[in-house]
Amino acid sequence: MWVWRALAVALAYELGGLLSLSIPSLTSHVSLVWLPAGVALAAMLRWGLGMWPAVAAGAFVLEMGLGLPLGLAAALAAGKSAGPLAAAWTLNRLGLHRALDRRRDLWHYALVGAFAGTLLSATSGVALLLASGHLSQSDAPAAWLYWWLGDAVGALLLGVPLLTLSRAALQRAFGGWRWVATLLLSAAVVASGLLAFTPGSEARALSPLIFVPHLLLCWLAVRGGVFVASVPALLLTGGATFATASGFGPFFQGDVAHSLALLWGYAGSLSATPLLLTALVGELSANDERWQLALDRSHIGMAQWDLRSGEFILSRRWLAMLGHANQSFGRSFDAVWSRIHEDDRPALHDTLAALRERRGDSCRAEFRMQCKDGSWCCLEGHAVVAERGGGNGPTRVIVTVRDVGDQRAAEERYQLSAKLFQHLHEGLLITDANHRVLDANPTFGTITGYARDEMLGTVPALMRAAPTGSAAERQQGAVRDSLHATGSWRGEIVERRRDGEACTLQVTISAVKSGSGQTRFYAWALSDITQAQAQRAQLERQAHTDELTGLPNRARLAQLLREAMRASEREGFLLTVCYLDLDHFKPVNDRFGHEAGDRLLVDLAERLRRSLRHWASGDDAVARLGGDEFVLLLRTATLEEGRHAVERVMRSVSLPYGLGVGAGPVSVTASVGATVYPIDKADADTLLRHADHAMYGAKQAGRNGYLFFDAEHDRRTEQHFEAVGRVQEALDAGQFTLFYQPKVDMRQGKVL
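For any residue, its number in my numbering is found by taking its place in the sequence shown, counting from 1, and adding 12.
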């Protein structure tokens, strides 16, 4: 790409130089219009400073064509490339816009590019020609001035169109049907200018006709920009130069060189006119664009309402709010009014009527407008009178609007949140990042007894400083860690109400973060679960506790037994499972009544509870299965210790019971069956069954005694019954075959 661009620049420089050299000049080395200066400056500004070798090459070829020595040609080429190079580097540092649509860019280009850079080229060139003897000292000042001005004219005439050429510039000038007006105006510029340079026009040197192109160029610059205006200026300058060089035209003064020097001022004015006007229009457009951009970024739409014509023009931001790319639904007030929600029209009509009747210079109103997709956009409008007519009535109104749909939705959500905050059945606290209370809802006061004003500015008890090493301090640490890690914490705390009553609260704390991720607030949700916990505890007691004796029931016994078995395996003690059944308990009920029997069971349960022992690995346990059946879980080190424990329990059971009946104290005995885990390596249900089996053995042995389950005997018995069962199953299935073995009397030779 660089090679192709370099070849193009060198070729353009060569062609521009040949064209410039064809114009008469003061000397053979100085041209009054040096077009290559514009090629060099535009190429370095558009494609980078790396184009200077191409410029130097083109200049070197031109100088060699003039018959100059090799060294001088190379030195002149270096000087002609150094000026544009220095100017382009400086303009890039100054941030030049290639469109030249700002005054600062215009001045920078004119001063640095068209004058300072060309001054460097002219000074170095004249100095080299003087040093080599190709230019006399008497001609040097004029040559230096004409060289400088010729380069400046070239930088303006050809540099400007080459620099401003872009796709956007072509679209602006020739897009759509604009090409028709652009071509007509361009042709008018060239035609009106050439009209002043026709043969015989030298008598009309001061004719205003020579300034008609300036007016047309202004019009063309406003419509199409600086590029499309600079091209006719270049063509017109070329035609004027040809006419003056041919000896006619208003600027011909007899001597061609001096006539062309006068033409330089005319060419400069042709180039400067579109530049100045484009810069001014560009700044006005940029200023308007900046204001429009500021309004767009502020999400504010604007409209101009001409009350005389009824024209109502919406800005692009307003149209974007409605989902439109352009005002395709019409630019009249009625077209805009038809998109106002019919429910909002009466109030909006009254507001605008007050403005029309001069009852104020501005008004505000909220209304809804229909969007392109059929939805409704909620807008807040502000109308201001910008102009008034002769009767002091408004003739032009500026209307600004902003979309308040999200704001109204947020207000509705806030009102809903506020109502929920006030009427929610949970207590709510809002605290700052340091856990100081900012607000509390009425339910919080109902739960704790503290009023909202009393809580403001305080720190909830959960987050207050706690004694070192206490459970409260550990809970605080857990809360802070959870809030830091996940932004929330949920748990139960025990709090005191204002009257001193203890209560249990279910608390959920959630962090509310800002957009940057910093914690701004904490939201506390509190529920009083004191009653629920009491009910749950009661249900758990009913589910796991015998109602009469308060001992664990069958369901709880299963849990206790499994836990004790795991502890036995882990710690190596023996677990004696005892199944206890009272002897002759039914006669007590029959003789003294069920109330006496229940009292006996309660006393028995208390005796069994007192007989239990406490161990480091866990406590012994007793449970009631139902009726007069109890199970004890006794931890012992040896089998002998287990027997002693069972005997101790039986002695405690056999002591008399004072039931408060007329017959005096009542005595009962018990039969106990026991099995030892892990000697009896069975599961929990089987252990109970084995203990129950041993208990029945004790009863069959005469009651008031105990019997330990013999696991080996049981195993052998079970195997015997299994073998008998298998034989019976084989008989039933016909799986046996009968064979007869004959007995023979060998003496008699007979089968017996």
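The beta-carbon is built from N, C-alpha and C at its ideal position, and this holds for glycine as well.
Beta strand (DSSP E) segment containing residue i, residue limits
i	result
tyrosine 534	531-540
isoleucine 521	514-525
alanine 452	449-452
valine 45	No beta strand (DSSP E) contains valine 45, which DSSP labels as neither H nor E.
arginine 476	Unbroken run through arginine 476: none, as it is neither H nor E.
threonine 443	439-444
phenylalanine 720	718-720
Residue i versus residue j: straight-line alpha-carbon distance, rounded
i	j	result
leucine 218	arginine 329	Interpretation of leucine 218 is limited by its pLDDT of 47, a score under 50 that renders its predicted location unreliable; the figure taken from the coordinates is listed afterwards. For leucine 218 and arginine 329, the distance between alpha carbons rounds to 52 angstroms.
methionine 475	glutamine 547	29 angstroms
arginine 622	arginine 647	15 angstroms
glutamate 378	serine 310	18 angstroms
lysine 693	proline 479	50 angstroms
leucine 19	glycine 335	50 angstroms
alanine 840	valine 240	For residue 840 there is no data in the structure shown, the boundaries of the chain being 13 and 764.
glutamate 214	glycine 342	Since pLDDT at glutamate 214 reaches only 48, below the 50 mark, its modelled position is unreliable, and the value read off the structure follows with that caveat. Going by the C-alpha atoms only, they are around 56 angstroms apart.
valine 21	glycine 107	23 angstroms
arginine 574	leucine 440	44 angstroms
arginine 216	proline 225	Low local confidence applies: a pLDDT of 45 at arginine 216 is under 50, so the model's placement there is unreliable, and no value is given.
histidine 146	alanine 134	15 angstroms
asparagine 446	phenylalanine 533	8 angstroms
alanine 76	alanine 85	One detail in the question is off: residue 76 reads as methionine in this sequence, not alanine. Going by the C-alpha atoms only, they are around 6 angstroms apart.
tryptophan 191	leucine 33	34 angstroms
alanine 763	glutamine 747	Here the sequence assigns valine to residue 763, which means alanine is not the residue at that position. Whole-angstrom Cα-Cα distance: 29 angstroms.
leucine 27	methionine 13	21 angstroms
leucine 594	arginine 486	50 angstroms
aspartate 451	lysine 384	44 angstroms
glutamate 424	aspartate 418	10 angstroms
alanine 421	glycine 481	50 angstroms
serine 361	aspartate 355	Inspection of the sequence shows that residue 361 is occupied by histidine rather than by serine. Using only the alpha carbons, I get a separation of about 11 angstroms.
leucine 140	alanine 87	8 angstroms
proline 472	arginine 508	12 angstroms
glutamate 777	valine 524	No answer is possible for residue 777: it lies beyond the span of the chain, which begins at 13 and ends at 764.
Contact belief for residue i with residue j at Cβ below 8 angstroms, rounded distance in angstroms
i	j	result
tyrosine 121	leucine 132	Contact doesn't hold; Cβ gap of about 16 angstroms is too wide.
alanine 245	leucine 169	7 angstroms
arginine 58	arginine 110	7 angstroms
isoleucine 459	aspartate 540	5 angstroms
alanine 570	alanine 696	6 angstroms
glycine 50	glycine 237	Going by Cβ atoms, the distance from glycine 50 to glycine 237 rounds to 18 angstroms, so no, they are not a contact pair.
tyrosine 25	alanine 71	7 angstroms
threonine 557	arginine 568	7 angstroms
arginine 370	asparagine 404	6 angstroms
Range covered by the alpha helix (DSSP H) that runs through residue i
i	result
glutamate 354	Careful: glutamate 354 lies outside any alpha helix (DSSP H) and carries neither H nor E.
tryptophan 101	82-105
alanine 315	Unbroken run through alanine 315 is the beta strand (DSSP E), 312-318; no alpha helix (DSSP H).
aspartate 493	483-498
glycine 129	129-144
glycine 236	224-236
arginine 420	417-435
threonine 749	It is not in any alpha helix (DSSP H) - threonine 749 carries neither H nor E in the DSSP assignment.
glutamine 712	696-712
lysine 693	From DSSP, lysine 693 is part of no alpha helix (DSSP H); its letter is neither H nor E.
Check: residue i C-beta below 7 angstroms from any heavy atom of the ligand MG
i	result
threonine 681	Only the bare structure without any ligand can be found here, which leaves the ligand MG out of the picture.
Residues that residue i bridges to, as DSSP identifies them
i	result
cysteine 389	Met381
proline 406	Arg400
phenylalanine 324	Trp317
cysteine 590	Leu644 and Ala686
serine 374	Val396
glutamate 507	Cys515
alanine 633	Leu645
State whether the segment 611-619 contacts the segment 548-566, with contact taken as three or more CB pairs (one from each stretch) at a distance under 8 angstroms. yes
Is it a yes or a no for the segment 657-668 touching the segment 701-714, going by three-plus beta-carbon pairs under 8 angstroms? no
Touching by the beta-carbon criterion (3+ pairs, under 8 angstroms), the segment 160-170 and the segment 198-205: no
Is the segment 487-496 in contact with the segment 405-424, if contact means three or more CB pairs nearer than 8 angstroms? no
Is the number of C-beta pairs between the segment 94-101 and the segment 60-67 that are closer than 8 angstroms three or more? yes
Does the segment 513-520 come into contact with the segment 423-434, if we say contact requires no fewer than three beta-carbon pairs (one atom in each stretch) closer than 8 angstroms? no
Using a Cβ distance threshold of 8 angstroms, determine whether the segment 598-615 contacts the segment 646-660, with at least three qualifying pairs required. no
Using 8 angstroms as the threshold, is the segment 738-754 in touch with the segment 714-729, meaning 3 or more CB pairs across them? No: fewer than three Cβ pairs fall under 8 angstroms.
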